[in-house]
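Trainee: Quick one: this structure, given as structure tokens, is what I'll be asking you about.
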Amino acid sequence: MNEVKWDAALMEKAVIELFMKQIAVKPGDHDAPMNEIRDRFEVAGIMIGRTMAMVNHNGPVGADLAMKVRRYEEHYKERCLRTARNMWGPNGWMRMNPMAS
Numbered sequence: 321m322n323e324v325k326w327d328a329a330l331m332e333k334a335v336i337e338l339f340m341k342q343i344a345v346k347p348g349d350h351d352a353p354m355n356e357i358r359d360r361f362e363v364a365g366i367m368i369g370r371t372m373a374m375v376n377h378n379g380p381v382g383a384d385l386a387m388k389v390r391r392y393e394e395h396y397k398e399r400c401l402r403t404a405r406n407m408w409g410p411n412g413w414m415r416m417n418p419m420a421s
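Numbering (my numbering), first residue to last: 321 to 421.
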């Protein structure tokens, strides 16, 4: 089988954008309760992690893949939750600029 190459950074950006638009960020979020925003961002982070683990996996599918998926899920979940806190937390940009959402 021929090796297919892609730009890893561009792939990551596209995957993040997809799940942010589909799951995490909704119109009117400037008034949304923080627990709702955190829940959506956590789910988006987990989905991004699962997807990126598969995209970045080389070799046969084995038990080690499950551990890799869990590491990626945790990494992207924490990354997304940090973004939610920074953007929607007290004095966050989205709270201070309601027209942006």
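For each residue, glycine too, the CB sits at the ideal point set by N, CA and C. Predicted, not measured: the structure shown is a model, and the values here were computed from it.
1. Just to confirm the assignment, what range does the alpha helix (DSSP H) spanning Trp408 have?
2. Among Asp327, Arg405, Trp408 and Arg391, which has the Cα closest to the Cα of Ile368?
3. Specify the secondary structure class of Asn355 as computed by DSSP and reduced to three states.
4. Below 9 Å between beta carbons: does that hold for Ala344 and Val363?
5. Helix, strand or coil: which one does DSSP assign to Trp326?
6. Under DSSP, the alpha helix (DSSP H) around Met414 begins and ends at which residues?
7. Between the Cα of Trp413 and those of His350, Leu338 and Trp326, spot the shortest distance and give me the residue it belongs to.
8. With distances taken Cα to Cα, identify the nearest neighbour of Thr403 among Leu330, Met340 and Ala329.
9. Cα-Cα, which of Lys325, Phe361 and Gly382 is closest to Gln342?
10. Near Glu332, what residues of its chain come up, given a Cβ to Cβ distance below 7 Å and the 5 sequence neighbours on each side ignored?
Mentor: According to the structure shown:
1. Trp408 -> alpha helix (DSSP H) spans Ala383 to Trp408.
2. Among Asp327, Arg405, Trp408 and Arg391, the Cα nearest to that of Ile368 belongs to Arg391.
3. Here Asn355 sits in helix by DSSP.
4. Closer than 9 Å, so yes.
5. Looking at Trp326 - three-state DSSP - the assignment turns out to be coil, as it is neither helix nor strand.
6. Secondary structure note for Met414: its alpha helix (DSSP H) is the uninterrupted segment Trp413 to Met416.
7. Looking at the Cα atoms, His350 is the closest of the given residues.
8. If we check each option's Cα against that of Thr403, Met340 comes out closest.
9. It is Phe361.
10. For Glu332, where only same-chain residues beyond five positions count, the Cβ hits under 7 Å are Met372.
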